[in-house]
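Residue numbers (the UniProt record's numbering): 1 to 346.
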């Protein structure tokens, strides 16, 4: 009888398994709504109306594709694969296809052993299709910034910080019982509890890389960055919009917009404090890249230490005016200590 893979010495078999697992699967070439759904399992802080949709995977089979054959071959190989995978020091990797400046298609490329303490979350944003059309942009935005595609990204991050890399939560009684995922109460009573158990996920370093994967469209001959921003964030009409949707969106436009919106949320002002606080409580640093090169860096511990308010009209507009400054000071002190305890400080 010919020897099989299982007959190899365990040291060699482990090396083979490691070799297979080290090569993550490529993300889908094109975004597709097949086998995807819009999750409705979290209230959250993100503005819900007018934004594009986030089409989630129904099952995270893509991230499993590299190890699925090893898991299904036989019991011994499955046990060894789980053992090797549980000892891999790998990053969480999420691919996000942004279609026509509007809809998001997140695909988990790598999900290491389950934990709610993440060292690195690498997010690759690939721009697909063309610049959003003037008509859609006018219907999707408001001058006050309460709408726009950036809220879809925020909603995705917010959900991950509460649930981790989880499928749609359907029933509290059927959630997976995993002792490695602990639940803690949010620091702030102003932040609404998720619909299901909050796993209190933290990320030491969030790396966001924006690239273009558009096919059939070229970048515009000039760099009308201001035109693209006006189209997204204002209600202007006129020739300024004509023809731009025949081109591909430049990665620096999207990255620049995300950088500005991140700065606004982290400023903890009257309108943004309730959105920014979960990021301070659960994220260490943020690196924002364009085509693999770092363009913006956010050291959240440093930014939090520098925040100071004396006028109650400047922060936490969702609270009673008399409570805002005292609450901010208590929250800041507690959050700085929490960050140190969880290894989120610089």
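Glycine included, C-beta positions come from ideal geometry on N, C-alpha and C.
Within the same chain, and ignoring the five residues on either side of residue 259 in sequence, the residues whose Cβ sits closer than 6 Å to its Cβ are 288, 296.
The shortest C-alpha to C-alpha distance from residue 328 to any of 274, 343, 291, 344 is the one to 274. Secondary structure in the segment 243-308: the alpha helix (DSSP H) runs of 4 residues or longer, each lying completely within the stretch, are 251-266, 273-282, 300-306 in chain order. Excluding the 5 residues flanking it on each side, residue 35 has same chain C-beta neighbours closer than 6 Å at 58, in chain order. Judged by beta-carbon spacing, residue 104 lies within the 7 Å limit of residue 54, meaning their Cβ atoms are closer than that value.
In the structure shown, residue 111 falls within a coil segment according to DSSP collapsed to helix, strand and coil.
Judged by DSSP secondary structure, residue 127 falls within the beta strand (DSSP E) whose first and last residues are 117-128. Between residue 206 and residue 286, the beta carbon gap of about 5 Å places them in contact (Cβ cut-off 8 Å).
Using a Cβ-Cβ distance cut-off of 8 Å, the segment 201-219 and the segment 152-162 are in contact, since at least three pairs of beta carbons, one from each stretch, lie closer than that value. In the structure shown, residue 131 adopts coil according to DSSP, grouped into three states.
Residue environment for residue 253: buried (at least 16 other C-beta atoms within 10 angstroms of its C-beta).
Residue 16: member of the alpha helix (DSSP H) spanning 10-21, first to last residue.
It is roughly 13 Å from the alpha-carbon of residue 29 to the alpha-carbon of residue 109. Rounded to the nearest whole angstrom, the C-alpha separation of residue 340 and residue 4 is 50 Å.
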